[in-house]
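J.: Just so you know, we're using the working numbering here: the sequence shown kicks off at 608 and counts up by one.
The beta carbon of each residue, even a glycine, is placed where N, CA and C say it ideally should be.
Quick caveat, the model's predicted, so the values are computed rather than measured.
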Amino acid sequence: MDGERRYSGAECRAEGRTLIGPAIRYDDVSRTFRERFLPGAFDLDSKTRYLDLRHNKLMAMAWTNGGGLELVDSAEMLMVKATLPDIPVANLALRELAAGRLTGFSIDFVPLKRTKDAAGLRTVHRAELNGVGLVDKPSYPQSTVEVRAKAPYTLSGKIPLNKPLTCRCHRGTCDRVRFTEAAFDDAIAGDDEILLITGEFESALASKARRSLTLRKTDDAIEVDARLPDTTAAADLAARSRAVDLLTRPVFDQELSEFTEADGLATYTKVHVKAVLVGASNVEGWPAATVRGKSARRSALRLL
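1) Would you report the Cα separation of GLY900 and HIS879, rounded to the nearest angstrom?
2) When burial is assigned at 16 or more other CB atoms within 10 Å of the CB, is ILE627 buried or exposed?
3) Helix, strand or coil: which one does DSSP assign to ILE801?
4) Comparing C-alpha positions only, which one of GLU735, ALA833, VAL883 and LEU660 sits nearest to GLY806?
5) On the three-state DSSP scale, how would you describe THR730?
6) Using only the alpha-carbon positions, how far apart do THR690 and GLY779 sit?
7) Ends of the alpha helix (DSSP H) at SER848?
8) Only counting the same chain, and skipping five residues up and downstream in sequence, which positions put a Cβ closer than 6 Å to that of THR761?
9) Per DSSP, what are the beta-bridge partners of ALA833 in this structure?
10) So GLU912 is in the beta strand (DSSP E); what residue range does that whole segment cover?
11) Is SER810 helix, strand or coil by DSSP?
12) Nearest by alpha-carbon distance to GLY764: which of GLU809, ASP826, VAL831 and LEU709 is it?
13) What ranges does the beta strand (DSSP E) occupy inside the segment 638-683, keeping only unbroken runs of at least 3 residues that lie completely in it?
14) Roughly how far, in whole angstroms, is the beta-carbon of ALA669 from the beta-carbon of LEU658, given that I think they are within contact range, below 8 Å?
15) With a threshold of 16 other CB atoms inside 10 Å of the CB of LEU709, please say whether the residue is buried or exposed.
16) At the level of alpha carbons, what is the spacing between LEU822 and VAL717?
17) Based on Cα-Cα distance, which residue from LEU863, ALA846 and ILE804 lies nearest to VAL885?
18) Look at the alpha carbon of ALA756 and the alpha carbon of ALA705, and state the distance between them as a whole number of angstroms.
19) Tell me, which residues are paired with GLY628 by DSSP?
20) In terms of alpha-carbon separation, which member of PHE808, ARG785, THR838 and GLY892 lies closest to PHE866?
21) May I have the straight-line CA-CA distance separating ARG729 from THR773, to the nearest angstrom?
22) Between ALA887 and VAL851, how many whole angstroms is the CB-CB distance? I'm expecting something under 8 Å.
Following this line, the structure appears as structure tokens:
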């Protein structure tokens, strides 16, 4: 039975020869096909599946069962992690990804159960996954591929979810906050700009809109990754990280956020994030993050 293909795009990070990103986001509606996939639609059995270039099976770059391709399924997405070997087709793919000629992942599948509602929206309940392609035609709006060239400086860290945290970011009687699992969903999926700053917004070092700042949700945290430019400000930040521990903290509009207060704890169910602030602080209890750079050693950061 011939398979169908859906180009879903991916927030893909190229780390050396490793590609990481979602192949499909569940419940994301394709603009082209008016179709969505439900969580659990794919049964990832022991069948060998391939990652190839533009769905050309003669240009396979990685495969499951020991060939460098890992498919990780969750309630939110089907995630791809592929370590590409030093072969001509993989080298070509990396060059085209860096040049922007490849913009997304695409799934090759056979629908096993699919329904259609009165508005014409099709829902795939079950499907057989044949493989994944690295392609140039995304059609799902919530995930766009990005070339992540090696940056001179990078920041990374985590904002814990469902955990009481000491914080001075909340105005009121509470000195602790807790972010629920869905608190950052709108910030991650929405189109509002979020900046990485060291002080004033005018001195921003990274941008969500420009894809140099990324927020991603895991089971217990929001991962924050930033690629910094080769500027004096970024170099100064790297130098400061050698002298003091830097912290990163979410800067948000409390009036546009949703929260409750009880027993000195503010529980946020929605955070209207404006920026991520990087700087020194004496606040304790947040998980360590890292700063890396061409002139900076690894340095501990804490998230606030």
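T.: Quick look at the numbers:
1) Locating residue 900 in the sequence shown gives position 293, counting from the first residue. Locating residue 879 in the sequence shown gives position 272, counting from the first residue. So the two alpha carbons sit approximately 30 Å from each other.
2) Locating residue 627 in the sequence shown gives position 20, where the first residue counts as 1. Buried is the call here.
3) In the sequence shown, residue 801 corresponds to position 194, counting from 1. ILE801 falls in the coil class under three-state DSSP.
4) Translated into positions along the sequence shown, residue 806 becomes position 199. Ranking GLU735, ALA833, VAL883 and LEU660 by Cα distance to GLY806 puts VAL883 first.
5) Along the sequence shown, read from residue 1 onward, the residue named residue 730 stands at position 123. In this structure, THR730 counts as strand in the three-state DSSP scheme.
6) Locating residue 690 in the sequence shown gives position 83, where the first residue counts as 1. Locating residue 779 in the sequence shown gives position 172, where the first residue counts as 1. Between THR690 and GLY779, the C-alpha separation is close to 48 Å.
7) For the purposes of this step, residue 848 is taken as the residue at position 241 of the sequence shown. Element bounds for SER848: 839-850.
8) Counting from 1 along the sequence shown, the entry for residue 761 is found at position 154. Here the set comprises ARG834 and ARG899.
9) In the sequence shown, counting from the first residue as 1, residue 833 sits at position 226. According to DSSP, ALA833 bridges with LEU762 and LEU820.
10) Since the first residue of the chain shown is 608 and the last is 911, residue 912 is not available in this structure.
11) Here residue 810 refers to the residue found at position 203 of the sequence shown. In this structure, SER810 counts as helix in the three-state DSSP scheme.
12) Counting from one through the sequence shown, the residue named residue 764 turns up at place 157. Among GLU809, ASP826, VAL831 and LEU709, the Cα nearest to that of GLY764 is on VAL831.
13) 642-644, 657-660, 663-670 and 676-680
14) Reading the sequence shown from its first residue, position 62 is the one you call residue 669. Reading the sequence shown from its first residue, position 51 is the one you call residue 658. About 5 Å separates the two Cβ atoms, so the contact holds.
15) Along the sequence shown, read from residue 1 onward, the residue named residue 709 stands at position 102. So LEU709 counts as buried.
16) Indexing the sequence shown from 1 puts residue 822 at position 215. Indexing the sequence shown from 1 puts residue 717 at position 110. Near 32 Å, if we compare the C-alpha coordinates of VAL717 and LEU822.
17) Within the sequence shown, residue 885 is the residue found at index 278, counting from 1. It is ILE804.
18) Working through the sequence shown from its first residue, we reach residue 756 at position 149. Working through the sequence shown from its first residue, we reach residue 705 at position 98. Annotation note: pLDDT 40 at ALA756 (below 50); position unreliable, coordinate value reported separately. ALA705 has its alpha-carbon roughly 7 Å from the corresponding atom of ALA756.
19) Your numbering for residue 628 matches position 21 in the sequence shown. Beta-bridge pairing links GLY628 to VAL687.
20) Here residue 866 refers to the residue found at position 259 when the sequence shown is read from its first residue. Per the Cα distances, ARG785.
21) For this step, residue 729 is matched to residue 122 along the sequence shown. For this step, residue 773 is matched to residue 166 along the sequence shown. For ARG729 and THR773, the distance between alpha carbons rounds to 46 Å.
22) Position 280 of the sequence shown, counted from the first residue, corresponds to residue 887. Position 244 of the sequence shown, counted from the first residue, corresponds to residue 851. Between VAL851 and ALA887 the Cβ distance is about 5 Å, and since that is below 8 Å, they are a contact.
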